[in-house]
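Beneath this line is the structure, given in structure tokens, with notes to follow.
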Amino acid sequence: MSTSAVMTTDKKQAVLEVLRSRAMNYRMFSRLFLRPLTDQDIEDIVAMDLASKAEDLEGTGLLAEGFNDMGRGLNRRNTGTRQQLATDYTMCFDGITTINEKVAVPYASVFLSEEALLYREPRQKVYHLFRAEGIELKQGVNLPEDHLSFELEFLAILSDRAAKALEEGNKENLDRDLELSRTFIHEHILNWYDLFSERAAQMLNTRFYRGLLKATKGYLELDLETIDELEKVTDE
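According to this note's numbering, the residues represented by the sequence shown are 11 to 246, in order.
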């Protein structure tokens, strides 16, 4: 039986809004880890009023704490903030700064392989999964697929696919995309994110990027709960 046959129009629209919001949020996090912020990026983030979003989340949890730090970290954005953020990003996420000769670059292979090098087994697993799902990095991108940005973008794509499946009444594909999202979060992100985040937090100097580390972890944890709720709602 199709999802459209058993869900009311209002419930279906509510689920679609959640799925589209997930895709948008994952793309935001993906963008923030991919490269240093431009002036326009900063203005766009300021317009999101993340500090207010933190208040809406009742000020508790990593997501609220992270959003608050990110928002307040841009309060004085006209005093050289972009350059400070660019320096912070480059020194940490591009691997220039080290602690005990260890870097905090956002690649799974660095934290999951014994050699702590790029292009190891974690990257191969993500590469083959992306290929199986018909996903390729944009032409000209010469970074490994296990970069956190690409993994977060993959979750956005899965949420887009889930929304399309719901619109088409394809319960099988909807369930598959939600389950794959859950599995991917557990097996390809959360299994190394804390190691990355803890090391990066020791290197970063800006409140914005330290907040980003918190907010990303908080959102991933919240999304696992969201996936559970979506499955319950679409099974009713």
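For each residue, glycine too, the CB sits at the ideal point set by N, CA and C.
C-beta atoms of residue i and residue j nearer than 8 Å
i	j	result
Arg171	Leu234	no
Ala114	Arg209	yes
Glu131	Ser123	yes
Phe103	Leu205	no
Ala118	Arg133	yes
Leu26	Leu176	yes
Thr91	Ile55	no
Leu73	Leu67	yes
Met34	Met213	no
Leu240	Val28	yes
Rounded C-alpha distance that separates residue i from residue j
i	j	result
Ser14	Thr244	Confidence at Ser14 is low in this model, with a pLDDT of 46, below 50, so its placement is unreliable and the value that follows should be read with caution. Roughly 10 Å separates the two Cα atoms.
Glu246	Tyr229	25 Å
Ala24	Met17	11 Å
Glu146	Ile106	28 Å
Asn85	Glu178	44 Å
Arg37	Lys227	15 Å
Ala225	Ser40	12 Å
Ser31	Gly76	18 Å
Asn180	Ile237	17 Å
Gly144	Ile167	11 Å
Leu153	Tyr129	9 Å
Ala7	Ile109	Here the chain has residues from 11 to 246 only, and residue 7 is not among them.
Leu190	Gly71	25 Å
Arg217	Pro116	18 Å
Leu139	Asn88	42 Å
Glu182	Asn215	46 Å
Tyr203	Phe43	13 Å
Burial state of residue i (16 or more Cβ within 10 Å)
i	result
Glu155	buried
Asp187	buried
Ile8	No answer is possible for residue 8: the residues shown for the chain start at 11 and end at 246.
Ser169	buried
Val136	buried
Gly127	The amino acid at residue 127 is misidentified as Gly; the sequence shows Leu. When all chains shown are included, Leu127 counts as exposed.
Next item on the list: Specify whether the segment 187–201 and the segment 155–169 touch according to this definition: at least 3 beta carbon pairs, one from each stretch, less than 8 Å apart.
Entry: yes
Notebook entry, point to check: At a cut of 8 Å, does the segment 213–226 reach the segment 64–81 through at least three beta carbon pairs?
Noted result: yes
Checklist line | Those runs of the alpha helix (DSSP H) which lie wholly inside the segment 12–71 and span at least 4 residues | finding: 13–16, 19–44, 49–58, 60–66
Checklist line | Inter-stretch contact (C-beta, 8 Å, three-pair minimum) for the segment 91–106 and the segment 43–55 | finding: yes
Next item on the list: Could I get the ranges of all uninterrupted beta strand (DSSP E) runs contained in the segment 74–156, with 3 residues as the minimum, in chain order?
Entry: none
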